[in-house]
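> My questions all concern the structure below.
Protein chains: 2
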Amino acid sequence: MPRYSKDQLQSLVSDLAHAIGVPAEDAALLADALVDADLHGKSTHGVSRLDIYLRRIEAGLIDPQAALTVSRQTGSVLTLDAGNGLGQVQARKALDLLIPRAGENGVAAATICNSQHFGALSWYCNYAASKRMVLLAMTNCEPAMSPEGGYEAFFGTNPIAASFPTGKGFPIKIDLSTSTVARGNIIAAEKRKEPIPPGWALNRSGEPTTDASEALLGTVLTMAGHKGYALALMVELFSGVLSGSAIGPEVGSMYKNLDRKQDVGHFFCLFNVEAFLDYAEYLQRVDETIDRIKSSRKRPGVEEILVPGERSARIATLNAAEGIPVSKETFAELEKWCAHLKVPFNCNEAVC
Amino acid sequence: MPRYSKDQLQSLVSDLAHAIGVPAEDAALLADALVDADLHGKSTHGVSRLDIYLRRIEAGLIDPQAALTVSRQTGSVLTLDAGNGLGQVQARKALDLLIPRAGENGVAAATICNSQHFGALSWYCNYAASKRMVLLAMTNCEPAMSPEGGYEAFFGTNPIAASFPTGKGFPIKIDLSTSTVARGNIIAAEKRKEPIPPGWALNRSGEPTTDASEALLGTVLTMAGHKGYALALMVELFSGVLSGSAIGPEVGSMYKNLDRKQDVGHFFCLFNVEAFLDYAEYLQRVDETIDRIKSSRKRPGVEEILVPGERSARIATLNAAEGIPVSKETFAELEKWCAHLKVPFNCNEAVC
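Residue numbers (our numbering), protein chains in the order written: chain A, 1 to 352; chain B, 1 to 352.
Written as structure tokens, this is what we have:
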């Protein structure tokens, strides 16, 4: 896959977003979010998403200039309205509102309603970790999973994430959907004309299936059965019910519903590490925990035990040095948008 | 199984705890916590645990009169030290410290170090729900699970819980360990001389096993593989690392280590619903969500879709009417303690 420099990609994304009406500062935030996902090897949440965001802005389904407004404030809790703006831009601004509040009060929380797909939760969590804070982040998403016992898409793949600063050069990054697998894995299996493992999905009639095409017409299963259902519901309650956004099946589909807004809801809870213990002591404790985990006995055939976030940090280091891989399909989309929006296309494959 | 009235069981537990040195008010809290678990059908966290608590108090491994002290306070974050007291008593007192803080500030959080096994997380979460608040609760526990790729018991079954008030007569109750199954299920299979399903546990050499006895010498697997590992680590970071308690394998085993304290760590984050939206609007939104879930299409053979907390609420209603079942083994232990501590044994099977 061709690789490009981080700066080139950020400029390109930022220029395109700005050309379609996103204020320059907000366009830079969006570019940072998307390119950061590609940098960390999470291309499903990276530049490949720009096309649909631009399409939705052009169709009037996302307001590129929306303000983030405070609907309610009680102590260090904020109820925010994204004004149907870009998810990444509004959620990052929400986080910037929370940081001083968590600094002063030890903990601060926000819900954000009337938002969109907002990319990788790790971007927000890692930003908080760089401020010596721990962010717990959740979001609801377009319907894909059924409650235990059902087979109607109710919940999104409702992810949960948190990052913890460390002294190891990368934050510990917990970031997981509450589904068995991301829907993208089923799409990939269908493209390869391969079956999917049992336990991933149900078909349209609610029966388990290993046929990828049938699975795509049905629902994705929650991880660990009823436990994933319970966690998906928890995410829906924090992100959807408490925020005032759409709930469950009412959340709009980014790709399928090209006639209405998504109305996604997010939830952030931010903790200032130093409210709990001295930062130096914290770092010692977290680093020792990492060392203990990594030096624990390995199963037969396992070469190394990784902590969550370690693998993506290594990918980011590699990509920063060698360029960030972007698929030809995604790049073709960007070229098309450059022509359409009259943005100069100045991206060359990285020579590193 | 014989059934007993809630009042009789609470008096008995409370009298025994008081007789061994727990102050009357604290003994009543402990009794409420344990009997509440049995009432809700969770006997693994109920009166059956009193024996080991009393044994540990008698051995000087739990301080029955410990004070809960505030080590640090920043805004509405408290770092608490349980003084090696009873987990249920100290954690409930911690929650009572958080409630006014969350009321004023919208959100409040606490870590508690130097604690013990503190029973079912639902007891704390449901109490918060009765105050129109949402509690997110976590705890580390004695080592049972390995990190992904390892086979050394590092994490406890590190549970996560949250309850949400509803207008349906019961709170939504999310309460799950991050292991595939509770260790108790493997113990039960061994007693029945039955194999366990694949995916539950590893043997002493780190190989998957379906032999219950071998599994008990090995480690329990995390739920959903690396996702359960990530969540177990998150719980360890919030409850263990941030609290100043023992971390991972350093946490003492309640039954095996009869020579040292457990030093368990807990984490609470409490949210005042009314900081986010009006309570009446919240209730309408949560109840509609429940109705939508319950009326969604059912898989073949499924009679009813339940929301988390609904089943245990039904069990509690039944047990409140017909008496709470307590196993003969547990009751024999209580009788023995009554004789030992010279506490009158006034419990009769319920005639309801």
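Even glycine gets a Cβ: it sits at the ideal position worked out from N, Cα and C.
Please read all numbers here as calculations on a predicted model, not as lab measurements.
#1: Using 8 Å as the threshold, is the C-beta distance between residue 121/B and residue 128/B below it?
#2: Compute the Euclidean distance between the alpha carbons of residue 314/B and residue 307/B, then round it to the nearest angstrom.
#3: From residue 164/B to residue 172/B, what does the alpha carbon distance come to, in whole angstroms?
#4: Please list, in chain order, the residues of the segment 176 to 210 of chain B that have any C-beta partner in chain A closer than 9 Å.
#5: Determine the chain B residues that contact residue 298/A at a beta-carbon separation under 8 Å, and present them in chain order.
#6: With three or more C-beta pairs closer than 8 Å as the rule, is the segment 258 to 271 of chain A touching the segment 108 to 123 of chain A?
#7: Comparing alpha-carbon positions, which option in 312/A, 340/A, 181/A and 187/A lies nearest residue 224/B?
#8: Quick one: what does DSSP say residue 180/B is sitting in, helix, strand or coil?
#9: Can residue 204/B and residue 144/B be called in contact, C-beta distance under 8 Å?
#10: Among 4/B, 64/B, 102/B and 5/B, which has the Cα closest to the Cα of residue 21/B?
#11: Could you tell me the boundaries of the alpha helix (DSSP H) in which residue 289/B lies?
#12: Determine, using beta carbons only, whether residue 201/A and residue 218/A come nearer to each other than 8 Å.
#13: Could you spell out where the beta strand (DSSP E) holding residue 160/A opens and where it closes?
#14: When you compare only the Cα positions, how much space is there between residue 221/B and residue 67/B?
#15: Select from 331/B, 330/B, 320/B and 328/B the residue whose C-alpha is nearest the C-alpha of residue 5/B.
#16: Could you tell me the alpha carbon to alpha carbon distance between residue 138/A and residue 292/B, rounded to whole angstroms?
#17: In angstroms, rounded to a whole number, what distance separates the CA positions of residue 346/B and residue 118/B?
#18: Pull up the distance between the alpha-carbon of residue 14/B and that of residue 39/B, whole angstroms please.
#19: Using CA atoms only, rank isn't needed, just tell me which of 160/A, 161/A, 142/A and 162/A is closest to residue 154/A.
#20: Using 8 Å as the limit for Cβ to Cβ distance, is residue 275/A near chain B?
#21: Taking DSSP's pairing of strands, which residues face residue 72/A in a bridge?
#22: Alpha carbon to alpha carbon, how far is residue 3/B from residue 325/B? Give it in angstroms, no decimals.
#23: Bridge partners for residue 28/B per DSSP, in chain order?
#24: Candidates 206/A, 107/A and 286/A: which alpha carbon is nearest residue 299/B's?
#25: Kindly indicate if chain A contains any beta-carbon less than 8 Å away from that of residue 285/B.
#26: Check whether the segment 42 to 61 of chain B and the segment 329 to 348 of chain B touch, using three or more Cβ-Cβ pairs below 8 Å as the test.
#27: According to DSSP, simplified to helix, strand and coil, what is residue 40/B?
#28: Is it buried or exposed, residue 272/A, if we count other Cβ atoms within 10 angstroms and call 16 or more buried?
#29: Does the beta-carbon distance from residue 236/B to residue 289/A come in below 8 Å?
#30: Do residue 73/A and residue 33/A have their CB atoms nearer than 8 Å?
#31: CB-CB under 7 Å to residue 161/B, same chain, minus the five flanking residues each way: which ones, in chain order?
#32: Using only the alpha-carbon positions, how far apart do residue 84/A and residue 56/A sit?
#33: Should residue 82/A be flagged as near chain B, meaning a C-beta pair shorter than 8 Å?
#34: What is the rounded straight-line gap between the Cα of residue 81/B and the Cα of residue 62/A?
#35: Whose Cβ in chain B lies nearer than 7 Å to the Cβ of residue 162/A?
#36: Please state whether DSSP places residue 221/A in a helix, a strand or coil.
So, from the listed chains and residues:
#1: no
#2: 12 Å
#3: 5 Å
#4: Those would be 176, 177, 178, 180, 202, 205, 206 and 207, in chain order.
#5: 149, 150, 151 and 206
#6: Taking 8 Å as the limit for Cβ pairs, the verdict is that the segment 258 to 271 of chain A does touch the segment 108 to 123 of chain A.
#7: 181/A
#8: coil
#9: no
#10: 64/B
#11: 279 to 294
#12: Taking C-beta atoms as the reference points, residue 201/A and residue 218/A count as a pair closer than 8 Å.
#13: 160 to 164
#14: 36 Å
#15: 320/B
#16: 21 Å
#17: Each residue's alpha carbon lies about 27 Å from the other.
#18: 16 Å
#19: 142/A
#20: yes
#21: 79/A
#22: 4 Å
#23: Bridge partners of residue 28/B: none, in fact.
#24: 206/A
#25: Residue 285/B counts as touching chain A.
#26: yes
#27: coil
#28: buried
#29: yes
#30: no
#31: Answer for residue 161/B: 121, 122, 125, 137, 174 and 175, listed in chain order.
#32: 11 Å
#33: no
#34: 49 Å
#35: 234
#36: Correct three-state label for residue 221/A: coil.
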